[in-house]
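**Student:**
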Amino acid sequence: MVSVSFGEFLWIFALTLLAGLSTAIGGAIAFFHKPGKDSGSFLSASLGFSAGVMVFVSLVELMAHASAGLKEAYGALPGGIGAIAAFTLGLLATFAIDRLIPEVENPHHVRSGGEVDLAEHASPDERSRLGRAGILFALAIGIHNFPEGLATFAGGLSGPGIGIPVAVAIALHNIPEGIAIGVPILYASGSRKKAFFYSLLSGLAEPAGALIGFLVLLPFLTPALLAVLFALVSGIMVYISFDELLPMAETYGKHHVALAGVLSGMVFMGLGLEIASCLSA
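Here numbering that gives the first Met the number 0 is used: the first residue of the sequence shown is 0, the next is one more, and so on.
#1: Determine the direct distance from the alpha carbon of residue 40 to that of residue 253, and round the result to whole angstroms.
#2: Reducing DSSP to helix, strand and coil, say where residue 4 ends up.
#3: Among the candidates 178, 17, 192 and 21, whose CA atom is the shortest distance from the CA of residue 43?
#4: Candidates 63, 277, 15 and 46: which alpha carbon is nearest residue 26's?
#5: Can the beta-carbon of residue 257 be found closer than 8 angstroms to that of residue 197?
#6: DSSP state of residue 190, grouped into three classes?
#7: Beta-carbon separation of residue 183 and residue 68 under 8 angstroms?
#8: For residue 57 versus residue 202, is the C-beta spacing smaller than 8 angstroms?
#9: Pick helix, strand or coil for residue 141, following the three-state DSSP scheme.
#10: Can you tell which of 152, 226, 250 and 88 has its C-alpha closest to the C-alpha of residue 212?
#11: State whether the region 78-94 contacts the region 221-236, with contact taken as three or more CB pairs (one from each stretch) at a distance under 8 angstroms.
#12: Comparing C-alpha positions only, which one of 14, 4 and 5 sits nearest to residue 159?
#13: Go ahead and pull the three-state DSSP assignment for residue 203.
#14: On the CB-based measure, 16 or more other CB atoms within 10 Å of its CB, does residue 93 come out buried or exposed?
#15: From this set, 166, 227 and 240, which residue's C-alpha is nearest residue 78's C-alpha?
#16: If distances are taken between C-alpha atoms only, which option among 96, 54, 181 and 174 comes closest to residue 241?
#17: Please state if the CB of residue 140 and the CB of residue 80 are separated by a distance shorter than 8 angstroms.
#18: Quick one: give me the first and last residue of the alpha helix (DSSP H) that residue 242 is part of.
#19: Are residue 148 and residue 205 close, meaning C-beta to C-beta below 8 angstroms?
#20: Our contact map puts residue 264 next to residue 52 with C-beta atoms below 8 angstroms; I'd like the distance itself, whole angstroms only.
#21: Note down the Cα distance separating residue 214 from residue 11, rounded to an integer number of angstroms.
#22: Return the Cβ separation of residue 19 and residue 173 in integer angstroms, given the expectation that the two are a contact with Cβ distance under 8 angstroms.
#23: Within 10 angstroms of its Cβ, does residue 255 collect 16 or more other Cβ (buried), or is it exposed?
#24: Quick one: what does DSSP say residue 217 is sitting in, helix, strand or coil?
#25: Can you give me the C-alpha to C-alpha distance between residue 236 and residue 6, rounded to a whole angstrom?
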């Protein structure tokens, strides 16, 4: 077991807490947006942006880490196949959960944009669907943040030269993830406080991951296990993006508004990762 002093633990935990709390920055957008006549376009662009972020993070960052970690542990071909297998397992698990939900409550059964009047908020049906989707995003991102907390914890153990850039990278992409949670919940409930709370709660999964890593998992945590977690989460996030975020983005606005949101999210996430890479160089 790696020896960690109490002072070192506090420093690592503070890094992880700051990275996790950046999710709440994305959720805070709820405090500055008032649903009105342009609500459909705003929600469509926001959901598309969130989908772009989640797909880019999943396929470019998480799968790259998963593949590299498993290849290093088990060799090129077995490791690569293992990463794809874990990714597929994440897809299938989310699909199975989705199929178990009664159709009338299933958020991917969207209605046409003409049936939704966001100027006066959505109908009770639409509010229920949006609220459920927002909570599902919060859960998925919370699961995603948990191994990130472990990653920040592991980086912190290596010292500030690695720990700080890792925390900055995670903080940068947690901001748009907070938008994915806060915006649907805002439209579902009309409560800015609730939108912010769920974003904050999801972000707190990161320090929880660091704490559990310190207390329980540190003796057993290996790079290979962390890689498997990243691939699983990648599959979950890709499924949610294509099954939940993108159909909803198309429903609440024009096609090109949703597309602009998706592409902007990918560009934003790519720039964030490049900045973080330069900081760690």
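C-beta atoms are modelled at their ideal positions from N, C-alpha and C, and glycine is treated no differently.
**Tutor:** Taking the geometry as given:
#1: In the sequence shown, the residue the question calls residue 253 occupies position 254. In the sequence shown, the residue the question calls residue 40 occupies position 41. The straight-line gap from Cα to Cα measures roughly 7 angstroms.
#2: Taking the first residue of the sequence shown as position 1, residue 4 is located at position 5. Three-state DSSP puts residue 4 in coil, outside helix and strand.
#3: For this step, residue 43 is matched to residue 44 along the sequence shown. Measuring from the Cα of residue 43, the nearest candidate turns out to be 178.
#4: What you label residue 26 is simply residue 27 of the sequence shown in a count that begins at 1. Comparing Cα positions, the closest option is 46.
#5: Your numbering for residue 257 matches position 258 in the sequence shown. Your numbering for residue 197 matches position 198 in the sequence shown. Against a cut-off of 8 angstroms, the Cβ pair of residue 197 and residue 257 comes out as no contact.
#6: Locating residue 190 in the sequence shown gives position 191, where the first residue counts as 1. It is coil, neither helix nor strand.
#7: Start at 1 with the first residue of the sequence shown, and residue 183 comes out as number 184. Start at 1 with the first residue of the sequence shown, and residue 68 comes out as number 69. No.
#8: Within the sequence shown, numbered from 1, the residue matching residue 57 stands at position 58. Within the sequence shown, numbered from 1, the residue matching residue 202 stands at position 203. Their beta carbons are not under 8 angstroms apart, which means residue 57 does not touch residue 202 by this criterion.
#9: Here residue 141 corresponds to residue number 142 of the sequence shown, with the count starting at 1. Three-state result, residue 141: helix.
#10: Taking the sequence shown and counting its residues from 1, the one referred to as residue 212 is at position 213. The residue with the shortest Cα to Cα distance from residue 212 is 152.
#11: yes
#12: Position 160 of the sequence shown, counted from the start, is the residue given in the question as residue 159. Among 14, 4 and 5, the Cα nearest to that of residue 159 belongs to 14.
#13: In the sequence shown, the residue the question calls residue 203 occupies position 204. In this structure, residue 203 counts as coil in the three-state DSSP scheme.
#14: Taking the first residue of the sequence shown as position 1, residue 93 is located at position 94. By the neighbour-count rule (16 or more Cβ atoms within 10 Å), residue 93 is buried.
#15: Position 79 of the sequence shown holds residue 78. The residue with the shortest Cα to Cα distance from residue 78 is 227.
#16: In the sequence shown, the residue the question calls residue 241 occupies position 242. Of the listed residues, the one whose Cα sits closest to residue 241 is 54.
#17: Translated into positions along the sequence shown, residue 80 becomes position 81. Translated into positions along the sequence shown, residue 140 becomes position 141. No, these two residues do not count as a Cβ contact at 8 angstroms.
#18: In the sequence shown, counting from the first residue as 1, residue 242 sits at position 243. It is not in any alpha helix (DSSP H) - residue 242 carries neither H nor E in the DSSP assignment.
#19: On the sequence shown, residue 148 is found 149 positions in, with the first residue counted as 1. On the sequence shown, residue 205 is found 206 positions in, with the first residue counted as 1. Cβ atoms of residue 148 and residue 205: closer than 8 angstroms.
#20: The count along the sequence shown starts at 1 and reaches residue 264 at position 265. The count along the sequence shown starts at 1 and reaches residue 52 at position 53. Their Cβ separation, rounded to whole angstroms, is 4 angstroms, which keeps residue 264 and residue 52 in contact under 8 angstroms.
#21: Walking along the sequence shown from the start, residue 214 turns up at place 215. Walking along the sequence shown from the start, residue 11 turns up at place 12. Approximately 13 angstroms, taken between the alpha carbons.
#22: Locating residue 19 in the sequence shown gives position 20, counting from the first residue. Locating residue 173 in the sequence shown gives position 174, counting from the first residue. 7 angstroms between Cβ atoms; contact.
#23: Reading the sequence shown from its first residue, position 256 is the one you call residue 255. Residue 255 is exposed by the Cβ-count criterion.
#24: Residue mapping note: residue 217 aligns to position 218 of the sequence shown, counting from 1. Coil, per DSSP.
#25: For the purposes of this step, residue 236 is taken as the residue at position 237 of the sequence shown. For the purposes of this step, residue 6 is taken as the residue at position 7 of the sequence shown. Rounded to the nearest angstrom, the two C-alpha atoms are 35 angstroms apart.
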